[in-house]
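Below: one structure, written as C-alpha cells.
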Amino acid sequence: MEFSLDPVYLGKLFDLLLPAVGETVYMVIAATFLAYVLGLPLGIFLVVSSPGHILPNPWVEKTLGTVINILRSAPFIILMVALIPITRSLVGTSIGTTAAIFPLVISTAPFVARIVETSLKEVSEGVIEAAMSMGASPWQIITKVLLPEAKASLVLGIAITTISVIGYTAMAGTVGGGGLGDLAIQYGYNRFRTDIMLLTIVVLVIIVQGVQSMGTAMARKVTHN
Amino acid sequence: MIQIENVSKVYSSRHGQTKALENVSLHIPRGAVYGIIGLSGAGKSTLVRCLNLLEQPTGGRILIAGQDLTKVSGQTLRQARQKIGMIFQHFNLLQSRTVAGNIAFPLEIAGLSKTEITKRVNELLPLVGLAEKANAYPAELSGGQKQRVGIARALALKPDVLLCDEATSALDPQTTLSILNLVREINQTLGLTIVIITHEMKVIKEICTHVAVLHQSQIIETATVEDIFTKPQSTIAREFVASVFPNEMPEELLQAFANEAQSEILRVRFLGEKAARPIISELIRNSEVEINILYGSIDHLRTTLFGSLTLEMKGSSEQRQNAHEYLKSRELEVEVIQRGV
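In C-alpha cells, the structure reads:
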C-alpha cells in the first residue's frame, strides 16, 4: 500500500504503531534498568578486583571476566531461544513482551558490566590514591570517588546500552516479543507492507536519536572538566 | 615523630626483582620540615608512600607517633592515615566536586556531621586564601590554586604529619614560592611535622630544616639544612648545592690564577650572623694577606642569610697560615680549591 495523507489510512497506521511503540519503550526501559541492577555491581567488581586497584583479587577478576565473555559471545537470538525454559519458569510464559525482558537482561547485563568497567577505569589512579591516603574505605572509594568521578562517562554508557537494547528488542519481536520489531516483521516483511516497514524504521531512528541526544546533554551537564 | 627503621622495598615482577629502597633509616623530629632529595628513580616517592602505607614496605618498620604502621591494617590503618595529610604533584582533586566539596571530602570520610564539616571547611578556605573560590570546580583553577585546595584538604582532619610528594614540581617558579611560603606558615602556626619529597634543591633551601639525600635506593647523607649547604659530604649533595648556588669558577679562570706563586684560591661559606661580619677586612688586617674576590653570592636558607665567596689569597706561607687560623677561629667553612706554589 502506498503512503497517503488519507485520515482513515493514517488512523489505522496510528492504531498499529502506538501500542508497538509502547511495548518497545516498556521492554527497553525495564530491560536496561534490570541490566544495570545486575551489570553495575559486576562492572564495579571487575574494576576493584583488578591488579593494583583497591581490592585486587585475580581469582574474582578472572572468573567474572570469563563468565561475562561467554555470555557476550552467544548471539542474542540463540540466547533467547536457549533461555526459554528458564523464562517460562520465571515469568510463566515464554511469549510476549514481559517474557522478552528476561533474555534481554541476561544478554545486556554482561555488556553493561564491560561498559561500566571502561568508565570506572578512566578515574585517575592519583585520585583513588589520594582518597586512600585520607583513610577512605573501599566502599567509600566506590561510592564517593569512582562513581561520582565517572558520572559523565557512566551516563554516556547508559545511552549506548539503551540503544543496543532497542536493537535487541527488535529481534525479540521475531519470536513474538511484541514491539516495533514485531510490527516490522508481521506487517512490513510478511505482508509486504513497505509503508509500515519504513515507518517503523523512521520511528526507531527518532527514538535512537532522542536517547543519544539526551545522553550527551546529560553527560555534558554533569561534567566539570 | 616519625621513625623509619631499616625500611626496604623490593618490587617483584616476572622480569626479576627491583630494589626501590634498601635499609632506609631516618628519624624525623616533631615540628621539623624534613626534605628528602634525590634524582629521579632514587626511590623518593616510594619512601614517602611507605610512610602512610600506600606502599607496603617489604622490610623494616615505620613508626609515627609511636605507632608501628607496618603492623596495622584495615580500620586501624585507615584511622592512622586520617592523621597523616598528603599532597601530590598532580594535586589529585575530585573533578566532580567544588573546592569546598574537595575540602569536605576527608571530613565526610571521617564521618563528621554536616554542620561540623561546613564549619571546618569555612575555617580552611581563608587559611589557604581561597575563600572566594569555594564554589569553583578544579577545572576552573590555576595550578597554584589547585595545590592550595590540596593543602586545605590535607589539613582538614588536623593531622600531625603532612607528606608532600613533589608538591611543587608541576608549578612555575613564582607559584612554587607562594606554595612553599604557605607550607612554611602552616609548619610555624600549626606546628605539624612536614616531610617533603623533591628533586629541587630550591625547595630544600626555602623551607626545610633538615635534609636527607636519597641515592640509588639508599640514604647517603643526612644533615641540618645549614650543614648540607655549608659542608656537603657526598658528591651528589655537592651537586645539589651547586644547583642553587652555582659558584664553580670557570676552569680557564682558575688556571690563570693558579700559576702565581704564593697564592691560593679558597671558597669560604658563611651563614647567619657570620655573614654580616666584615670578615674580609678583618682578614686583611690580621694576617696582612692580599685578597682578591673572584666570585661571590649571598642568598638565604629559610630565613637566615647564606653566603659563599671564592677568594684569591696572596702572601707568604706564614701570612697565609695566619689567615687560615683566623678563618678557623671565626668558624667559617673553608675549602681550598687550589694551592699555588
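Each protein sequence line maps, in turn, to chains Z and L.
Just so it is clear: in the first sequence, position 189 is 183 by the numbering used here, and no numbers are missing.
Just so it is clear: in the second sequence, position 225 is 255 by the numbering used here, and no numbers are missing.
Cβ atoms here follow ideal geometry from the backbone N, Cα and C, with glycine treated the same way.
Predicted model only: the values in this text are computed from it and were never measured.
Remark: fewer than three beta-carbon pairs, one from each stretch, lie closer than 8 angstroms, so the stretch 212 to 219 of chain L and the stretch 247 to 261 of chain L are not flagged as touching. Scanning its chain for C-beta atoms nearer than 6 angstroms, with the 5 sequence neighbours on each side dropped, one finds around Leu56/L the residues Ile34 and Ala242, in chain order. The shortest CA-to-CA distance from Ile78/Z to any of Ile89/Z, Gly173/Z and Ala68/Z is the one to Ile89/Z.
Rounded to the nearest whole angstrom, the CA to CA distance from Ala94/Z to Ala14/Z is 14 angstroms. Residues of chain Z whose Cβ lies closer than 8 angstroms to the Cβ of Arg111/L are, in chain order, Met126, Ser127, Met128 and Gly129.
For Gln368/L, the enclosing beta strand (DSSP E) covers residues Glu363 to Arg369. Boundaries of the beta strand (DSSP E) around Ala253/L: Gln248 to Thr254.
Considering only Gly173/L, Arg350/L and Val151/L, the residue with the shortest C-alpha distance to Ala182/L is Val151/L. Counting along the chain, Val191/L sits inside the beta strand (DSSP E) bounded by residues Val191 to Asp195.
Residue state for Val63/L is assigned as strand, using DSSP reduced to three classes. DSSP, read as helix, strand or coil, puts Leu157/L in helix.
Note on geometry: alpha-carbon atoms of Ser131/Z and Arg108/L lie some 7 angstroms from one another. Between Ile237/L and Lys56/Z, the alpha-carbon positions lie close to 49 angstroms from each other. A straight line joining the alpha-carbon of Leu339/L with that of Ala134/L spans about 51 angstroms.
Excluding residues up to 5 positions away in sequence, Ser327, Asp329 and Ser338 lie with their Cβ nearer than 7 angstroms to the Cβ of Phe275/L in the same chain. For the pair Asn211/L and Arg111/L, the Cα-to-Cα distance works out to about 25 angstroms. The continuous beta strand (DSSP E) containing Arg91/L extends over residues Gly89 to Ile94. When DSSP states are grouped into helix, strand and coil, Asn63/Z belongs to the helix group. Secondary structure at His218/Z: coil, using DSSP grouped into helix, strand and coil. DSSP places Val243/L in the strand class (E or B) of the three-state scheme. Closer than 7 angstroms to the CB of His45/L there is not a single CB belonging to chain Z. As summarised for the stretch 288 to 330 of chain L, the continuous beta strand (DSSP E) elements at least 3 residues long and confined to that stretch are 293 to 301, given in chain order. A distance below 8 angstroms between beta-carbons, with the five flanking residues on each side excluded, links Ala144/Z to the following residues of its chain, in chain order: Ser113, Leu114, Glu116 and Val117.
Membership of Gln47/L in the beta strand (DSSP E) is indicated by the continuous run Gly46 to Ile58.
Within chain Z, the residues placing a beta-carbon under 7 angstroms from that of Pro136/L are Met128, ordered along the chain.
When DSSP states are grouped into helix, strand and coil, Val117/Z belongs to the coil group. DSSP places Gly337/L in the strand class (E or B) of the three-state scheme. Rounded to whole angstroms, the Cβ separation of Ile227/L and His245/L is 14 angstroms, and the two are not in contact under 8 angstroms. Taking 7 angstroms as the CB threshold, Tyr64/L stays off the interface with chain Z.
Distance from the CA atom of Arg350/L to the CA atom of His240/L, rounded to whole angstroms, is 35 angstroms. Three or more beta-carbon pairs drawn from the stretch 18 to 28 of chain Z and the stretch 169 to 177 of chain Z are found closer than 8 angstroms, and the two stretches are therefore classed as touching. The DSSP-derived three-state label of Gly90/Z is coil. Between Met126/Z and Leu84/L a beta carbon distance of about 6 angstroms is seen, short of the 8 angstroms cut, so the two are scored as contacting. For Glu17/Z, the uninterrupted alpha helix (DSSP H) run begins and ends at Pro1 to Val42, by DSSP.
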